[in-house]
Structures are given as C-alpha cells and as structure tokens.
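*Asks:*
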Amino acid sequence: MTSAEGPEGLRVGVVGIGYWGSKHVRTMRSLSSVSQVAVIDPSEERVAAVRHSFPEVPAFRDLESALPHIDALVIATPPTTHAPLACAAMAAGKHVLVEKPFATTLEDAHQMVEIASENDVVLMVGHTFEYHSAVWALREMVARGDLGELYYLDTSRLNLGLYQHDVNVLFDLAPHDISILNYVLGSTPTSVECWGSRHAHRRLEDIAYLRVCYDEPHVEANVHVSWLDPCKVRRMTVVGSSKMVVFDDLEGEERIRVHNKGVVQSDETADLTMPPMSYRYGEVVAPYLVVNEPLLLEDEHFVDCILTGMAPLTDGANGLAVVEVLEAAQLSMREHREVFIDEVRRSLRTGLAHVGGRPAVLGREAV
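This is the structure:
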C-alpha cells in the first residue's frame, strides 16, 4: 500500500456534512495525524453551520473538485450515493470510510470491495457499535461462555422517525443490529426471515421484524426496527442458560446489566403436582465499562490503517456481510419466506457472470 500521508499529515475530506457528517469533521480535526479536514457539500447553509465552529475548513461543492486536495474520504451522504462516491474516490487512489449502510445492493458492495483491492486503498465501513465498549463486553462474555448455552438474542431499535427518502427502515436502522450480532457472535448468519410494512410512508417500509439464524453458534436473533414508535428504544438482550444480559444504549451509566437468573426444567420423575420448571433469581451486576467515544475510535482506526497498512476491523468484507443479510431480508419480505444467505451469494455470482465480472453502478446522483 502506498503512503497517503503528505509532508504535514493526512488530508481528509468529509462528503455530506449533515448531522453525522459534521461529527466526523469534529473527530477528524481532533486527530494529530490529520493535518487538514475539508468539507464537501453543495449546501451553503450546511457549510456555513460547520464553519461556525471550524472557520478555517476548506469547502468544495462536489467530490470531483475536492479529489486533488484530499488523501482520504469519509462518506456520510444518503445511502444510495455511497457506492458511486466510494468507487469514484477509490478509483482516484483515495482511502474511503463509508457510513452505514455500506451499500444498498449486494452488487454495489461487491464492486466497492473489488475496486479497493485493485487500487490498494483502505476501505472501511462505519459500523460504529463495533467500537463501543459495551459491545466489546458483550462479545467477551459470549466468547468466555459466561452466559452458558445461548438461547436467543433480541434487539429493538425504535423511534418516531427519522424517515429517510431513499431507503426503508431496514437499510436505515438494521445495519447497526446486524453488525453488532455478527461481532458479538463472531459469526455471520445462514438465513434470514423478514416481515415489514408501510404505514405513514406510501413507498418505504417504516417497520420491520427480522429473524436471523446462525449456525455457529447455533442460535437465532430477533431484530425489531421502526420509525413509527412513540418511544425511543436502543436495546439488546442476550439470553443464555446461565445468565442473561441487557445492553441499553440509552442508559447513562449502567449500559450493561448482567442478570444472574434463569429457569431449569424439573425432574420428570418428580411429583407431577409440582411446577414443570424451577426458577433461579440472583443478583444483577453492572460491570465496569471503559468510557469511550465510538466514533472517535472509529475515525482514529481508519487513519491508523491508512498510515500503517493494517486491515480495518470493519473492512469491506465486514460491510459486505451486513449487506448480504439486508439483501436476503428484502427478498424475504418480498416473497414471504425464509431466505438463505447462500441464495443471494449465488444470485450475485450469476449476475456478475452475465455482465462480464463486474456490475455497473448507474443512475445514481452523487454529491
């Protein structure tokens, strides 16, 4: 990998400086190895808002004019623009960090990974929760076997809004939970079943339920995402034979609570007048978690990967694995059946064969 660092440090562009993109501007500017952060957005109003806090940042209206002035790019634009922007930047030799969802089709995701490899650049996806200390703690508990045999996992990511204009709630919210599940379990799923419906929006599903099945470990996870709920919920529950854990990201201090409780089946030869199950109630423990800012760690990791050549924790393959699940979920929702991940992989290979090995990214408006 060729060095992308200039004589005074790395030059990073952030394309799309809305709510989340402006946070990347702040975190990137705090890194000592980044010499300059440029903003790329056609909106004068958004540029003015960022310059209110950071008056000196250079601004460009589009990616083409910014490319000669940056070494790396953070993409925080609407989801359907992710692939064309990433491919254009990587084809120009720039390193890229793409916010979730990595891409809106599996073909686009595959193309992004291929172009990154061909141009020897870092490609990373912004699965921010994989840099969260609470998620690290969950993964360690599962890996050590603290919870016993895993029974099931359940996640809820609910709110009233924010409705997107180019993707449904599945692509907007579920990437968080799928990436957390894959990371915590150290595995990728084998099949997905999805139910979704449209209520307030005529074209895009605003609620969805997924059942995600894993073989190693053999466990199922239920995912509920909604733009149409009166309560804001960001919660994951992991239930095992020995203990149960709740991760509530809206809790100020005790984001992880370990419940030492469970059920045990009674002896079948025992008195039939007794309950069929016995219940164990123990203490609830909130383990100490290192206080961190996941987005800052993510951006710092991206820069470190560029400067050292190491592979990102959330690399292109990581993003591709989540898009596989999203694509399978879309198909399941459309055809009302369980869809195996191998199905979407075979479909991708067939599509690539028909177009000579690489899909084209067409008809997308880029910033």
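The working numbering puts the first residue of the sequence shown at 422, with every later residue one more than the last.
All residues carry an ideal CB built from backbone N, CA and C; glycine is no exception.
1. Just the C-alpha distance for arginine 623 and valine 685, rounded to the nearest angstrom, thanks.
2. If you drop the 5 nearest sequence neighbours on each side, which residues of the same chain put their C-beta closer than 6 angstroms to that of proline 715?
3. Compute the distance between the beta-carbons of histidine 516 and valine 495, then report whether it is under 7 angstroms.
4. Determine, using beta carbons only, whether valine 613 and valine 633 come nearer to each other than 7 angstroms.
5. Taking the straight line between their C-alpha atoms, what separation do you get for leucine 625 and serine 647?
6. Assign histidine 490 to buried or exposed, taking buried as 16 or more other Cβ atoms, counted over all protein chains shown, within 10 Å of its Cβ.
7. Which full runs of the beta strand (DSSP E) of 3+ residues lie inside the segment 523-591, going along the chain?
8. If you reduce the DSSP assignment to three classes, tell me which class asparagine 603 lands in.
9. CB-CB under 7 angstroms to methionine 533, same chain, minus the five flanking residues each way: which ones, in chain order?
10. Cβ of aspartate 720 within 6 angstroms of any heavy atom in the ligand PLP?
11. Out of curiosity, what's the CA-to-CA distance linking lysine 664 and valine 605?
12. Report the rounded CA-to-CA distance for histidine 680 versus aspartate 593, giving the unit in angstroms.
13. Under the DSSP definition of a beta bridge, which residues are partnered with glutamine 686?
14. Taking only runs of the alpha helix (DSSP H) that begin and end inside the segment 426-509, which ones reach a length of at least 4 residues, in chain order?
15. Can you find the residues in the same chain that come closer than 8 angstroms, C-beta to C-beta, to histidine 620, ignoring five residues on each side of it along the sequence?
16. Take methionine 449 and list the residues in its own chain whose beta-carbon comes closer than 6 angstroms to its own, dropping the five residues that flank it on each side.
17. In angstroms with no decimal places, state the Cα-to-Cα distance between valine 590 and leucine 583.
18. Would you kindly work out how many angstroms separate the C-alpha atoms of leucine 527 and valine 644, rounded to a whole number?
19. DSSP on arginine 658, reduced to helix/strand/coil?
20. Taking arginine 755 as part of the alpha helix (DSSP H), name the residues at either end of that continuous run.
21. Report buried or exposed for aspartate 492, applying the criterion of at least 16 other Cβ atoms within 10 angstroms of its Cβ.
22. For glycine 784, count neighbouring Cβ atoms within 10 angstroms of its own Cβ and tell me buried if that reaches 16, exposed if not.
23. In whole angstroms, give me the CA-to-CA distance for aspartate 670 and glutamate 465.
24. With distances taken between CB atoms, is the gap from proline 500 to valine 436 smaller than 7 angstroms?
25. Just to confirm the assignment, what range does the alpha helix (DSSP H) spanning aspartate 818 have?
26. Identify, in the order they occur along the chain, each residue of the same chain with its Cβ nearer than 8 angstroms to the Cβ of proline 596, setting aside the five sequence neighbours on each side.
27. First and last residue of the beta strand (DSSP E) that includes valine 644?
28. Determine the direct distance from the alpha carbon of alanine 749 to that of leucine 488, and round the result to whole angstroms.
29. Taking the C-alpha atoms as reference points, what is the distance between leucine 752 and serine 608?
30. For phenylalanine 761, tell me which candidate among Ala732, Pro708, Pro696 and Asp636 has the shortest Cα-Cα distance.
31. Given this structure, state the Cα-to-Cα distance separating methionine 698 from glycine 566, to the nearest angstrom.
32. If you reduce the DSSP assignment to three classes, tell me which class glycine 514 lands in.
33. Taking leucine 571 as the reference, give the member of Arg578, Gly514, Leu559 and Pro463 with the closest Cα.
34. Find out if the Cβ-Cβ distance for the pair arginine 655, arginine 755 is shorter than 7 angstroms.
35. So what does DSSP say about glycine 784, is it helix, strand or coil?
36. Among the candidates Asp541, Ala470 and Leu710, whose CA atom is the shortest distance from the CA of glutamate 561?
*Replies:* This is what the structure gives:
1. Residue 623 sits at position 202 when you count from the first residue of the sequence shown. Residue 685 sits at position 264 when you count from the first residue of the sequence shown. Their Cα atoms are separated by approximately 47 angstroms.
2. Taking the sequence shown and counting its residues from 1, the one referred to as residue 715 is at position 294. So the qualifying residues of the chain are Thr549, Tyr552 and His553.
3. Here residue 516 refers to the residue found at position 95 when the sequence shown is read from its first residue. Here residue 495 refers to the residue found at position 74 when the sequence shown is read from its first residue. Result no, Cβ atoms of histidine 516 and valine 495 do not sit closer than 7 angstroms.
4. The residue labelled residue 613 in the question sits at position 192 within the sequence shown. The residue labelled residue 633 in the question sits at position 212 within the sequence shown. Yes, Cβ-Cβ distance for valine 613 and valine 633 is below 7 angstroms.
5. Taking the sequence shown and counting its residues from 1, the one referred to as residue 625 is at position 204. Taking the sequence shown and counting its residues from 1, the one referred to as residue 647 is at position 226. Near 12 angstroms, if we compare the C-alpha coordinates of serine 647 and leucine 625.
6. Residue numbering aside, residue 490 sits at position 69 when the sequence shown is read from its first letter. Exposed, because fewer than 16 other Cβ atoms sit within 10 Å of the Cβ of histidine 490.
7. 544-547 and 571-581
8. Position 182 of the sequence shown, counted from the first residue, corresponds to residue 603. If DSSP states are grouped into helix, strand and coil, asparagine 603 belongs with the helices.
9. Within the sequence shown, numbered from 1, the residue matching residue 533 stands at position 112. Once the five neighbours on either side are set aside, the close Cβ partners of methionine 533 are Ala504, Ala507, Cys508, Ala524, Leu544 and Gly737.
10. The model depicted lacks the ligand PLP and carries no ligand whatsoever.
11. Taking the first residue of the sequence shown as 1, we reach residue 664 at position 243. Taking the first residue of the sequence shown as 1, we reach residue 605 at position 184. Cα to Cα, lysine 664 sits roughly 16 angstroms from valine 605.
12. Residue numbering aside, residue 680 sits at position 259 when the sequence shown is read from its first letter. Residue numbering aside, residue 593 sits at position 172 when the sequence shown is read from its first letter. Rounded to the nearest angstrom, the two C-alpha atoms are 31 angstroms apart.
13. For this step, residue 686 is matched to residue 265 along the sequence shown. Per DSSP, Met698.
14. 440-450, 465-474 and 484-487
15. Position 199 of the sequence shown, counting from 1, holds the residue named residue 620. Excluding positions up to five away in sequence, the list reads Asp627, Ile628 and Leu649.
16. The residue given as residue 449 occupies position 28 in the sequence shown. So the list reads Val433, Val455, Val458 and Asp720, once near-sequence residues are dropped.
17. As a first step, residue 590 is located in the sequence shown; it is residue number 169 there, counting from the start. As a first step, residue 583 is located in the sequence shown; it is residue number 162 there, counting from the start. Computed Cα separation, rounded: 9 angstroms.
18. Here residue 527 refers to the residue found at position 106 of the sequence shown. Here residue 644 refers to the residue found at position 223 of the sequence shown. Straight-line Cα distance between these residues: approximately 21 angstroms.
19. Numbered from 1 along the sequence shown, position 237 holds the residue referred to as residue 658. According to the sequence shown, residue 658 is threonine rather than arginine. In this structure, threonine 658 counts as strand in the three-state DSSP scheme.
20. Residue numbering aside, residue 755 sits at position 334 when the sequence shown is read from its first letter. Counting along the chain, the alpha helix (DSSP H) containing arginine 755 begins and ends at 737-756.
21. As a working mapping, residue 492 is identified with position 71 in the sequence shown. Counting Cβ neighbours within 10 Å, aspartate 492 comes out buried, since at least 16 surround it.
22. Mapped onto the sequence shown, residue 784 falls at position 363. The predicted position of glycine 784 is uncertain, since its pLDDT is 34 and thus under 50; a value taken from the coordinates is nonetheless stated next. Exposed, since its Cβ has fewer than 16 Cβ neighbours within 10 Å.
23. The residue you call residue 670 lines up with position 249 of the sequence shown. The residue you call residue 465 lines up with position 44 of the sequence shown. Using only the alpha carbons, I get a separation of about 34 angstroms.
24. As a working note, residue 500 is residue 79 in the sequence shown. As a working note, residue 436 is residue 15 in the sequence shown. Taking 7 angstroms as the Cβ cut-off, proline 500 and valine 436 do not qualify as a contacting pair.
25. Nothing can be reported for residue 818: it is not among the residues displayed for the chain, which extend from 422 to 788.
26. As a position in the sequence shown, residue 596 is number 175, starting the count at 1. Around proline 596: Lys521, Pro522, Phe523, His548, Val743 and Leu747.
27. Here residue 644 refers to the residue found at position 223 when the sequence shown is read from its first residue. 640-647 is the span of the beta strand (DSSP E), which, as asked, contains valine 644.
28. Sequence index remark: in the sequence shown, residue 488 carries index 67 (1-based). Sequence index remark: in the sequence shown, residue 749 carries index 328 (1-based). Taking the straight line from one Cα to the other gives about 35 angstroms.
29. Counted from its first residue, the sequence shown places residue 752 at position 331. Counted from its first residue, the sequence shown places residue 608 at position 187. Between leucine 752 and serine 608, the C-alpha separation is close to 22 angstroms.
30. As a position in the sequence shown, residue 761 is number 340, starting the count at 1. Considering only alpha carbons, the answer is Asp636.
31. Counted from its first residue, the sequence shown places residue 698 at position 277. Counted from its first residue, the sequence shown places residue 566 at position 145. Their backbone Cα atoms lie some 23 angstroms apart in a straight line.
32. For this step, residue 514 is matched to residue 93 along the sequence shown. Here glycine 514 sits in coil by DSSP.
33. Here residue 571 refers to the residue found at position 150 of the sequence shown. The candidate whose alpha carbon is nearest that of leucine 571 is Leu559.
34. Here residue 655 is taken as the residue at index 234 of the sequence shown, counted from 1. Here residue 755 is taken as the residue at index 334 of the sequence shown, counted from 1. It is not a contact, given that the beta carbons lie outside the stated cut-off.
35. Residue numbering aside, residue 784 sits at position 363 when the sequence shown is read from its first letter. Confidence is the limiting factor: at glycine 784 the pLDDT is only 34, short of 50, which leaves the residue's position unreliable and the question unanswerable from this model.
36. Taking the sequence shown and counting its residues from 1, one reaches residue 561 at position 140. Looking at the Cα atoms, Leu710 is the closest of the given residues.
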